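Enquirer: To get the working numbering, take the position in the sequence shown, counting from 1, and add 175. Every residue gets a Cβ at the ideal spot worked out from N, C-alpha and C, and that includes glycine. As the structure is a computational prediction, the values presented were derived from the model and not from experiment.
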Amino acid sequence: MGAIENPFASPASGPAGDGGEDLRDDEAAFRRVAWRIVGAWERLRIAYLVWLSVVGLATLWIPGVTGRGSFASVFDGEFVAIIAAGFIGANFCFTAGHALEFLLATLGMRAAARGWVRVVVFVLGSLFAAGLTVGVVLVAAGW
Numbered sequence: 176m177g178a179i180e181n182p183f184a185s186p187a188s189g190p191a192g193d194g195g196e197d198l199r200d201d202e203a204a205f206r207r208v209a210w211r212i213v214g215a216w217e218r219l220r221i222a223y224l225v226w227l228s229v230v231g232l233a234t235l236w237i238p239g240v241t242g243r244g245s246f247a248s249v250f251d252g253e254f255v256a257i258i259a260a261g262f263i264g265a266n267f268c269f270t271a272g273h274a275l276e277f278l279l280a281t282l283g284m285r286a287a288a289r290g291w292v293r294v295v296v297f298v299l300g301s302l303f304a305a306g307l308t309v310g311v312v313l314v315a316a317g318w
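In structure tokens:
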């Protein structure tokens with residue numbers, strides 16, 4: 176007697192790691208998909224950090240934000256500590272994009288659909304982080 180197939184199982188959907196199959200059953204596909212996701216997000220991290228740096232520096236140039244007479248006088252120890260904490264927090268939040276996309280991959284979402292999710296999460300997350308950056312810079316500058 177042959178093996179009985181599960182009639183409720185998801186259909187196979189192409190090469191391993193493309194979506195649809197259970198990544199828990201194939202360690203090689205699991206690793207391949209994980210590294211693709213991490214690589215894609217780490218390439219986006221550079222644009223994210225440049226964007227937040229530009230937003231933060233532009234906020235300092237708003238008239239009256241520094242309130243100390245010169246741009247250079249803002250960079251005291253307390254200011255740098257607050258900005259460093261914000262920098263670490265922003266990078267921690269950025270990593271949530273990796274986690275979300277990996278979760279979607281393990282649930283069977285195809286790579287093409289995850290690409291759209293990546294773009295949407297990156298854009299919305301970057302806009303949200305820009306708002307937080309403005310707030311952190313204003314608080315750090317004593318505004």
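1. Can you check whether the CB of residue 273 is closer than 8 Å to the CB of residue 212?
2. Within this structure, are the beta carbons of residue 268 and residue 305 separated by less than 8 Å?
3. Using the Cβ count rule (16 or more neighbours within 10 Å means buried), how would you classify residue 291?
4. Since residue 308 and residue 231 are thought to touch, with beta carbons under 8 Å apart, how far apart are those beta carbons, to the nearest angstrom?
5. Could you work out which residue in 202, 296 and 310 is closest to residue 215 when comparing CA atoms only?
6. Does any residue of chain B bring its CB to less than 8 Å from the CB of residue 317?
7. I need the DSSP call for residue 201, collapsed to helix, strand or coil.
8. Answer with buried or exposed for residue 293, where buried requires no fewer than 16 other C-beta atoms within 10 angstroms of its C-beta.
9. How should residue 327 be labelled, buried or exposed, when 16 other C-beta atoms within 10 angstroms of its C-beta is the threshold for buried?
10. Quick one: complete alpha helix (DSSP H) runs, 4+ long, within the segment 224-296?
11. Which one of 314, 202 and 224 has the shortest CA to CA distance from residue 302?
12. Give the DSSP-derived three-state secondary structure of residue 317 in the structure shown.
13. Within the same chain, show all residues whose beta-carbon is closer than 6 Å to that of residue 277, passing over the 5 residues directly before and after it, in chain order.
Expert: Result, derived from the coordinates:
1. Counted from its first residue, the sequence shown places residue 212 at position 37. Counted from its first residue, the sequence shown places residue 273 at position 98. Yes, the Cβ-Cβ distance between residue 212 and residue 273 is below 8 Å.
2. The sequence position of residue 268 within the sequence shown is 93, counting from 1. The sequence position of residue 305 within the sequence shown is 130, counting from 1. Remark: C-beta atoms of residue 268 and residue 305 do not approach each other more closely than 8 Å.
3. As a working note, residue 291 is residue 116 in the sequence shown. When all chains shown are included, residue 291 counts as exposed.
4. As a first step, residue 308 must be located in the sequence shown, where it is residue number 133. As a first step, residue 231 must be located in the sequence shown, where it is residue number 56. Indeed they touch by this definition, with Cβ atoms about 5 Å apart.
5. Sequence index remark: in the sequence shown, residue 215 carries index 40 (1-based). Shortest Cα-Cα distance from residue 215 to any of 202, 296 and 310 involves 296.
6. Reference to chain B is not applicable here, since this structure consists of a single protein chain.
7. Along the sequence shown, read from residue 1 onward, the residue named residue 201 stands at position 26. Here residue 201 sits in coil by DSSP.
8. Locating residue 293 in the sequence shown gives position 118, where the first residue counts as 1. When all chains shown are included, residue 293 counts as buried.
9. This structure leaves residue 327 out entirely; the chain is present only between 176 and 318.
10. 252-281
11. Working through the sequence shown from its first residue, we reach residue 302 at position 127. When each option's Cα is compared against that of residue 302, the closest is 224.
12. Looking up residue 317 in the sequence shown gives position 142. Reduced to three states, the DSSP call for residue 317 is coil.
13. Position 102 of the sequence shown, counted from the start, is the residue given in the question as residue 277. Cβ neighbours of residue 277 beyond the five flanking positions: 212.
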